[in-house]
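Colleague: Okay, handing you the structure first.
In this note's numbering, the protein residues as written are 717 to 788.
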């Protein structure tokens with residue numbers, strides 16, 4: 717059995733991995749997973765969803781950083 721590695725994604729890594737995450741989302745949907753999309757998932761829809769999720773992640777990360785700074 718293979719080894720599973722979980723890495724923390726930094727904001728500066730987002731543009732480098734976004735394409736891979738979009739391909740993963742398309743493959744997941746096309747394989748029948750119920751994640752809110754119907755197959756086949758078009759490249760445009762997958763890309764806009766991936767970019768939107770990445771931006772939400774950045775906003776959440778900034779918010780939690782701000783909260784941590786304010787609580788000091």
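For each residue, glycine too, the CB sits at the ideal point set by N, CA and C. Values in this document were obtained by computation on a predicted structure and should not be read as measured data.
#1: Please report how far the alpha carbon of residue 748 lies from the alpha carbon of residue 755, in whole angstroms.
#2: CB-CB under 8 Å to residue 757, same chain, minus the five flanking residues each way: which ones, in chain order?
#3: Beta-carbon within less than 7 Å of residue 770's beta-carbon, same chain only, minus the 5 sequence neighbours each way: which residues are those?
#4: According to DSSP, simplified to helix, strand and coil, what is residue 719?
#5: Thinking C-alpha only, which one of 720, 775, 765 is nearest residue 739?
Modeller: In terms of the structure at hand:
#1: Here residue 748 corresponds to residue number 32 of the chain shown, with the count starting at 1. Here residue 755 corresponds to residue number 39 of the chain shown, with the count starting at 1. Cα-Cα distance, rounded: 7 Å.
#2: Residue 757 sits at position 41 when you count from the first residue of the chain shown. Once the five neighbours on either side are set aside, the close Cβ partners of residue 757 are 741, 742, 745, 746.
#3: If you number the chain shown from 1, residue 770 lands on position 54. Excluding sequence neighbours, residue 770 sits near 730, 734.
#4: Position 3 of the chain shown, counting from 1, holds the residue named residue 719. Coil.
#5: Reading the chain shown from its first residue, position 23 is the one you call residue 739. Of the listed residues, the one whose Cα sits closest to residue 739 is 765.
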